[in-house]
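Reading through the structure tokens given below for one structure.
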Amino acid sequence: MPKPVQFDVDNNAKQDRWKETARQSHVNLVSSLSPSSEASSQEKYGADEKVQGSKDIVVISEDGITKIVFNRPTKKNAITLQMYQEIMLALKNASTDNSAITVFTGTGDYYCSGNDLTNLINATGEIQEVAIKTAMALREFVSCFIDFPKPLVAVVNGPAIGIAVTLLGLFDAVYASDKATFHTPFSHLGHSPEGCSSYTFPKIMGSAKATEMLVFGKKLTAREAWAQGLVTEEGGYLVSQTSQELMRKNEKQNLHAANAEESAVIQERLTSEESSNALMNFMSRKAKL
Numbered sequence: 140m141p142k143p144v145q146f147d148v149d150n151n152a153k154q155d156r157w158k159e160t161a162r163q164s165h166v167n168l169v170s171s172l173s174p175s176s177e178a179s180s181q182e183k184y185g186a187d188e189k190v191q192g193s194k195d196i197v198v199i200s201e202d203g204i205t206k207i208v209f210n211r212p213t214k215k216n217a218i219t220l221q222m223y224q225e226i227m228l229a230l231k232n233a234s235t236d237n238s239a240i241t242v243f244t245g246t247g248d249y250y251c252s253g254n255d256l257t258n259l260i261n262a263t264g265e266i267q268e269v270a271i272k273t274a275m276a277l278r279e280f281v282s283c284f285i286d287f288p289k290p291l292v293a294v295v296n297g298p299a300i301g302i303a304v305t306l307l308g309l310f311d312a313v314y315a316s317d318k319a320t321f322h323t324p325f326s327h328l329g330h331s332p333e334g335c336s337s338y339t340f341p342k343i344m345g346s347a348k349a350t351e352m353l354v355f356g357k358k359l360t361a362r363e364a365w366a367q368g369l370v371t372e373e374g375g376y377l378v379s380q381t382s383q384e385l386m387r388k389n390e391k392q393n394l395h396a397a398n399a400e401e402s403a404v405i406q407e408r409l410t411s412e413e414s415s416n417a418l419m420n421f422m423s424r425k426a427k428l
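When you line the sequence shown up against my numbering, it's residues 140 to 428, in that order.
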């Protein structure tokens with residue numbers, strides 16, 4: 140497996156302490172951090188935990204860890220524009236509180252199925268202004284992950300799609316159950332890569348493998364993701380070693396540049412006829428299921 144690219148930094152000691160804290164916490168808590176039932180996360184956690192958020196995003200703070208839970212299992216934890224705002228607020232709060240790490244996971248069978256595509260289509264089935272708003276919101280959303288000052292951990296308990304996959308290139312650790320899959324079907328929907336994946340994925344898995352995922356929409360199992368460097372085996376779970384270096388201070392400029400470029404392309408694509416037709420075809424097939 141290719142080793143991650145190394146960058147010179149002036150805060151290695153601080154990052155090493157964070158990494159060790161995260162590693163120990165991950166090993167101890169990975170099972171409990173991966174909800175498997177359809178019950179609301181607010182019902183799953185004890186009364187002594189600090190729980191915040193809406194019904195779709197639940198934020199739990201305890202024992203120096205902030206857990207952000209996608210809690211929309213009947214919709215495969217698809218992300219709405221309101222959820223964008225709630226996640227950004229949760230990250231802002233976690234960046235300044237006493238927590239050491241922030242963990243993302245999902246309730247139910249899915250980790251997250253990406254953006255809720257129904258946000259992009261109005262009652263008559265046409266792309267509307269919300270498409271442009273989505274592209275703008277996406278840029279701000281990704282920027283919050285780029286600038287987040289503490290280790291980010293993903294516990295991928297099931298299928299991950301779209302932005303839920305591409306964001307993993309900005310995480311410091313990724314656990315994945317054997318039920319996890321990783322899919323970026325952008326071309327099938329007339330979209331383009333997002334979440335800085337046009338920059339991070341080639342670094343993580345090489346240009347050819349990144350193209351297979353981002354352009355041709357190849358779906359990876361957890362084991363295949365391990366083989367390609369997106370996640371790495373440790374014990375009974377999988378944990379990423381690939382993106383720690385990408386979050387260093389001297390990489391932020393490159394990441395923000397990639398995010399800006401991707402967002403501009405996404406905005407153009409979302410308002411194109413090709414994207415509109417692809418979305419309509421997708422929603423038509425979905426309605427027949």
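Don't be surprised by glycine CBs; every beta carbon is placed ideally from N, CA and C.
| Query | Result |
| --- | --- |
| Aspartate 286 to alanine 239 span [Cα, whole Å] | 16 Å |
| Proximal residues to aspartate 248 (C-beta, below 6 Å), its chain only, five neighbours per side dropped | Gly297 |
| At least three beta-carbon pairs within less than 8 Å, the region 316 to 327 to the region 344 to 351 | no |
| C-beta contact flag for serine 234 and histidine 395 at 8 Å | no |
| Pair within 8 Å by beta-carbon distance, alanine 217 and asparagine 254 | yes |
| Residue from Thr246, Ser252, Gln406, Trp365 whose Cα sits closest to the Cα of alanine 303 | Ser252 |
| Proximity to serine 336 [Cα-Cα], best of Trp365, Val197, Ser402, Thr410 | Ser402 |
| Where the beta strand (DSSP E) through tyrosine 338 begins and ends | Run containing tyrosine 338: none in the beta strand (DSSP E); it sits in the alpha helix (DSSP H), 336 to 344. |
| Per-residue DSSP class, three states only, for lysine 357 | coil |
| Pair within 8 Å by beta-carbon distance, valine 292 and aspartate 311 | yes |
| Anticipated Cβ contact below 8 Å, phenylalanine 135 with leucine 306, distance rounded | Here the chain has residues from 140 to 428 only, and residue 135 is not among them. |
| Where serine 411 falls: helix, strand or coil (DSSP) | coil |
| Inter-residue CB distance, glutamine 406 and isoleucine 207 (contact presumed, cutoff 8 Å) | Going by Cβ atoms, the distance from glutamine 406 to isoleucine 207 rounds to 26 Å, so no, they are not a contact pair. |
| Bridge partners - glycine 245, DSSP secondary structure assignment | Phe209 |
| Chain-order list of residues whose beta-carbon lies under 8 Å from that of isoleucine 196 (same chain, five-residue window excluded) | Ile207, Val208, Phe209, Asn210, Met222, Glu225, Ile226, Ala229 |
| Integer Cβ distance of valine 370 from valine 294, believed to fall under 8 Å | Contact flag wrong, Cβ pair sits at about 11 Å. |
| Identity of the residue in Gln367, Ala319, Ala361, Gly356 nearest lysine 342 by Cα | Gln367 |
| Chain-order list of residues whose beta-carbon lies under 6 Å from that of proline 288 (same chain, five-residue window excluded) | Ser234 |
| Secondary structure of serine 326, DSSP reduced to three states | helix |
| Continuous alpha helix (DSSP H) stretch holding tyrosine 223: start and end | 220 to 235 |
| Exposed unless 16 or more other CB atoms sit within 10 angstroms - verdict on valine 242 | buried |
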